[in-house]
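For the sequence shown, counting from 1, position 33 maps to 33 in this note's numbering; every step adds exactly one. A virtual CB, placed ideally from N, CA and C, is assigned to each residue, including glycine. Predicted model, so just to flag it, every value in this text is computed and none were measured.
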Amino acid sequence: MIVSKQIEQSLRKRLAKTEGGIKAAAALGGISERAAQKVMRFENVTQPTYDAFCEGITRLERAEADRKIDNERKAARIAL
1 MIVSKQIEQS LRKRLAKTEG GIKAAAALGG ISERAAQKVM RFENVTQPTY
51 DAFCEGITRL ERAEADRKID NERKAARIAL
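Here it is in structure tokens:
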């Protein structure tokens, strides 16, 4: 599978919004950081590798959103 420029830009935008970055997304997707970098460099990757990396980004986004909500709740409890 060859990743198009538009897909690559979309993935970069999603990664830029996270704190964990490519390393955390790769780990959460169950692939190596090197495989994730291949996805980001337009290199030929298999569909399962691409899917795993996208799933890793999604999991990272969810985990960071959940952590943010938890921190806000803790701050609200402390403020009361």
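Item	Value
Exposed or buried, what is Thr-49 when buried is set at 16 or more other beta-carbons lying within 10 Å of its beta-carbon?	buried
Alpha carbon to alpha carbon, how far is Lys-5 from Met-40?	10 Å
Could you round the C-beta distance between Gly-21 and Glu-55 to whole angstroms and report it? I think they count as a contact, below 8 Å.	No, Gly-21 and Glu-55 are not in contact; Cβ-Cβ is about 16 Å, not under 8 Å.
So, helix, strand or coil for Asn-44, using DSSP?	coil
Could you check the C-alpha separation between Ile-7 and Lys-68 for me, to the nearest Å?	27 Å
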